[in-house]
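Residue 149 in full-length UniProt numbering is what sits at position 149 of the sequence shown, and the numbering runs on without skipping anything.
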Amino acid sequence: MSRDGISSAIEASRDELLDLGLRNPLLNYRTSRARGVEVVDELPVEVFRTLVREHRTMTFAAVPEDDTESEGNELLVQPGDEDGDDDGPAARHVDLQLQTNLTSTKLQSRLTKTERDARTFVEEQGVNVLYLALGMLHWFEADSSQTARKAPLVLVPVELERSNVREKFRLRYTEEDLGDNLSLRSKLGIEFAVELPVMLAQEDFNLGRYFDDVEDAVRSQPRWSVDRDAVMLGFFSFGKLLMYRDLDEENWPEGQGPSDHPVIWTLFDENSYERPNQLSEDEHLDTHLDLTEVRQVVDADSSQTLAILDVKSGRNLVIQGPPGTGKSQTITNVIAEAVGEGKTVLFVAEKMAALEVVKRRLDSVGLGDACLELHSRKTNKRAVLQELDRTMKLGAPRLQQAEDDLSVLIDTRDRLNEYSEAVNTPIGESGVTPYRAIGELVRLGPEAASLPRLDFEAMREWTGTDFRRRQERVEELQAQLAQSGVPRQNPFYGSARTVLIPTEKARIGEELRAARRATRVLRDSAAELAGALELSPPGTRSDVEVLCRAARRAVEAPRLEGVRLCSGEWQARPDDLRAPVTAGEAYSEVRARYDEVLIPEVWEQDLLEARQHLAAYGHNPLRFVWFAFPDYWSAHDRLTGLCRESLPDDLDQQLALVDAVLEVQRHRAFIHRFETLGADLFGTRWQGERSDWRVLSMLLEWIIELHREVVAGELPERLIDFLATEPALEELQQKITDAEGALLDHGSAVEKIAEELRLSEDVHSSLREQQLTAQESTFDAWDRHLDRLQSLVTYNQLSELCRREGLEGALRQAESWDQAGSKLVDAFRYTWFEGPVERAFRGRPALPRFDRDNHEDAAGRFRGLDKVVLEHNRARLAHLHWQKVPTAYEAGGQLGVLRREIQKKRRHLPIRQLTNRAGNAIQALKPVFMMSPLSIANFLEPGAAEFDLVVFDEASQVRPVEALGAITRGRQVVVVGDSKQLPPTSFFDRLTSAEEIDEDNLTADLESVLGLFAAQGVPERMLRWHYRSRHESLITVSNNEFYENRLVVFPSPDKGREDVGLVYHHLPDTIYDRGGTRSNPGEAKRVAEAVMEHARERPHLTLGVATFSVAQTQAIEDQLEILRRADPSRETFFTSHPYEPFFVKNLENVQGDERDAIFISVGYGRTATGSVPMSFGPLNQEGGERRLNVLITRARRVCEVFTNMTSDDVDLGRTNARGVRALKTFLRYAKDGKLDLPHPPGGEPDSPFEEA
């Protein structure tokens, strides 16, 4: 946006301030029906002399009371008038009474309302708008107009006061500058070219002469006239016109006007950009705080400190401060930091209470001397000069060295932070802090230490989300176990089935019964077979298989006649027995090969020598010479004689013949060595060398294998004894067939069951090895308890999910631990929280080093040192301010102007001129100005004073156009408020207009400077720690309805006490007078009585009454006026709390106030007809919920609600206003203490200690 665009936007905003229409009482004064007083038969000149020149107070005189008017209102007449002289006062023009044409009752009513409204305006808007108008200009809009308008000429700022309700109201001049009718001056100059005379300084001002000058100025207007006798007490405000002029670019130095200001560019330029906050809400602040540079003077929580750091960094900032979160505390520290950096500050707030609470805080920390209050009643120029003179004469504050204390504080802080970080930093990926983990272990109780531990290693890498997800699985598992019992005790344990269709149960049952029958058949057939073999009946299927194998052995056995089968030699000497049989087989084989070549007698010959000669000479070429080798030829001839035919020519064949003879002779000799053993074991089957060695070999191996199988348990031991008896085995074959058939049927039935039940391999194997009688019982039990299969199927489903999540350890405990149905989750949680604690204690030295006593001692030292350092900061800042204060002895320049004004006795410069001519000197004395938007326009000339920092408080109530003047005077802007609280409204505009207040149209919400800053993306901070409420019920509804439960609320230590918290008073016997007074008189009386009771019983507690409407406010004040006059003994209560006085306010002007006790009077409700209209004034309008938020959060200790309604009377079907919905919630909570609260964001509390 260009500069011209910015200027156009500012001009459009200025037009909002200009009011030159006939609704402005400065141009068209009309007596109000309820407030203000018309003074009659008085001389304005004498009134001016008495009030202004002589500074005397005046009272009002009433006309004699009409008996009919006073009936029932005897206690609301002017005090003392009921006994007055009917002839009226004497010397009426020079006495101290102002004559009126009102009866005492009406006069008192008007004065009461006027005083209340005037006081309210000062408190809420920071300026006094109650003036005594002297003289009226009668003027006409046009020559053709027949209606004369009245405009006041001289405005004397006054206030109404009384010390108690039994005294008359007194009118006093406030000593502020006399008011010139600027609106009239502008109107006449613009539209009629009439220039009113300028009012002289107060000391030179002559009222009569001024009237003369006005008459001369308007002489060109024939019908216009000056009413020199007019005296009116009323409300007049020309502050907006001052603002209008203040924003005129022509009034500002070149380049310093509003359209040149960078912050205003930010607000009006849609493309502007502000750097975001650099520190997150979770930031560890101590790493960013250099305590040697910190100048905080009061305590600050983390959210406040973040805001302070942002301001120190020079950024413009929005500070959202919900009720009771320490806005004024934060502002105090922000101002202190600025003063410590040598900056000037403009603190701006419309509401006097907001300005005063910050001022009191600054006074309490020694910085009040740096502040100049220019608001409300603090704008008396004599008082301002006296304050400046006092500041110049300040003595040096006592300053002590803080370095040692600061060093110890830093060391102690670091030690505490080390432990805090160790105990509050999440461990690994778990997201669990040691603090949380230890709390969980403590909550589980000492008995949890004896619970079985799961495998923490499997959990080590879990995140908090992983744990919560898995805990849900364990909780489901525990719930299932609690219902169905430990899985191992389920008859179907071992089944892996995860689905069971209802129709399958019948089939499974039939197969179980078939398996049971097959088992019985197998047992019977096996018993019969065992009897035939003279063996014991088999117990298991394996035994049956062995039995069948033994029977097969028996029927397949070779002929065993004469064989000594029971001898242990078969098993003890198998190899020795194999040797002669092997030799016999070799003997038989050689004889079979050579018997046709050699003569039978050869096997008895000794051919060893012959073989030697053949081998020695058989290869010699000369062997054919007979006489040369006679031994060779002798051996040759002998061998030739032993052959049936001719001897082979080949020497090797000859040697083979001889070797065969020698081999047979050796085998025969070996066989003869076993002659006795062989005959003993084989009986007649043993025939020595003539034995049938093939048969013997087969018999031998069969017997050896039989013994081996018996020894190995593969065959029954008694089978050998049975076979040794040479039994008849002809009928055994059928029994074997029956048993083997039963085995097949049984195996098939068992496999079907295993398949149907999805039995695990272990359970399947165990089932196969089970005793047949037990197996039959198992099948029978499964059939009878088939309904329990479903619970195991459900468990299997959960088990599968648990395995996917790595919860095998939990499953192991679930399967057999008898307490798993009630303690499994505890065991799971104990393992999870114990593991990180052990890990943290090993890796964080501060944890095992922790000692409670030492830690508490360190914390106590830190608290003490922290307070000491705050005191040092306060003294340091006070000393810094004192150093920069110019002394009274310095002369020249602006300081000289200021000194001369201080020394004057009279004719002081108006404050606006003083700040213009000595602004820099004043800022040197008072670097902190405390003002309202109106007082800025009134007392600061454009360009006369610049500020490094501008701070707005209660900014949600400040219109942007009213803030522009303050913003233009600052380099950095901080906007403090709450967008959930009261927005700007037209409520106070109506007070100074010619129209009466219509409450139903008061809530046309306007944009605030807070909303404008936030909408333009200026960085925000939210104060989250709520301190105000001494009982959480006082903030619960607001926190839930408006702040999404983001406020940190401290639980009340005394919840059971009746004098704290939210109290509901149902008044069904009272009536809302909707068509008449628009109030509930009965409710008003009960509230007034409760106020008097409070004054008697709890006078030490401050009190405020808040209502939903102006009409209810007035009704309560009238009732209270009557009760206070009737019982003056309680008047001390109403004056005993100067900083927090008693008030009765409506929801439009209660923001910023807080009291120990608040009484809320709804006023609206059930009418005489019994109906409850869904019209609740401002609450029905848009933004009504923000008003309710303000109303219900004012109390520190107790909030008492008075109404003739209940929450059930609020029918949301007849209205969709959010304010009414919130009211219904509030009434329900006030009555029943019930509120549907969601879980706070983030899920679980930080630790079980908080839950406790």
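All residues carry an ideal CB built from backbone N, CA and C; glycine is no exception.
Under the Cβ criterion (8 Å, minimum of three pairs), the segment 1024-1039 counts as touching the segment 1194-1213. DSSP links threonine 59 through a beta bridge to Gln97. Here DSSP, grouped into helix, strand and coil, assigns glycine 977 to strand.
In the displayed model, tryptophan 265 falls within a helix according to three-state DSSP. Contact check for leucine 153 against leucine 137 passes: the beta carbons are separated by less than 8 Å. Taking C-alpha positions only, valine 231 is separated from glutamine 99 by approximately 10 Å. Boundaries cannot be given for tyrosine 1072, as no beta strand (DSSP E) includes it and DSSP labels it neither H nor E. As DSSP reads the structure, histidine 1066 sits in a beta bridge with Thr1203. Within the model, the alpha-carbon separation for proline 1128 versus arginine 162 is close to 14 Å.
Serine 1008 and arginine 468 have their C-alpha atoms spaced approximately 45 Å apart. Under the 10 Å beta carbon count, cysteine 566 is surrounded by fewer than 16 other beta carbons and is classified as exposed.
The beta strand (DSSP E) runs of length 3 or more contained entirely in the segment 106-161 are, from start to end of the chain, 130-139 and 149-161. In the three-state reduction of the DSSP assignment, phenylalanine 929 falls in the strand class. Spanning the alpha carbons of threonine 332 and proline 222 requires a straight line of approximately 59 Å.
Taken through DSSP and simplified to helix, strand or coil, glutamine 221 comes out as coil. Here the C-alpha atom of serine 259 lies approximately 23 Å from the C-alpha atom of aspartate 19. In this structure the segment 177-192 does not lie against the segment 102-120, because fewer than three pairs of beta carbons, one per stretch, are closer than 8 Å. Beyond the five residues adjoining it in sequence on each side, glutamate 283 comes within less than 8 Å, by CB distance, of Leu306 in the same chain, given in chain order. Between threonine 330 and alanine 349, the gap from beta carbon to beta carbon reaches 8 Å or more.
Using a Cβ distance threshold of 8 Å, valine 661 and glutamine 605 count as a contacting pair. Note: tryptophan 1025 is bridge-paired with Val1048 in the DSSP secondary-structure output. Under a 10 Å Cβ-count criterion, glutamate 54 is classified as exposed, with fewer than 16 other Cβ atoms of the shown protein chains found around its own Cβ.
Per the C-alpha coordinates, the member of Leu406, Ser430 and Gly179 positioned closest to aspartate 866 is Leu406. Partner residues in the beta bridge of glutamate 1020, as assigned by DSSP, are Val318. When DSSP states are grouped into helix, strand and coil, alanine 712 belongs to the coil group. Within a 10 Å sphere around the beta-carbon of isoleucine 599 sit fewer than 16 other beta-carbons, which makes this residue exposed. Considering only Ile264, Gly1152 and Val711, the residue with the shortest C-alpha distance to glutamate 356 is Gly1152. Residue pairing by DSSP places threonine 1107 opposite Asn1146 and Ser1161 in a beta bridge. Ranked by Cα distance from glutamine 97, the first of Glu42, Gln125, Glu141 and Ala142 is Glu42. Comparing alpha-carbon positions, the option among Val358, Pro397, Leu1034 and Glu528 lying closest to glycine 1233 turns out to be Leu1034. With a beta-carbon spacing of about 6 Å, asparagine 796 and alanine 496 fall inside the 8 Å limit used to define contacts. Inside the segment 764-790, DSSP marks whole alpha helix (DSSP H) runs of 4 or more residues at positions 772-784, from first to last along the chain. Per DSSP, reduced to three states, the secondary structure at tyrosine 173 is strand. Counting C-beta pairs with one atom in each stretch, the segment 710-721 and the segment 561-577 have three or more that are closer than 8 Å, which means they touch.
Contact check for arginine 685 and leucine 677: beta-carbon distance about 13 Å, past the 8 Å limit, so the pair fails to qualify. Residues Gln1119 of the same chain have their beta carbon placed closer than 7 Å to that of lysine 1085, with the five preceding and five following residues left out of the count.
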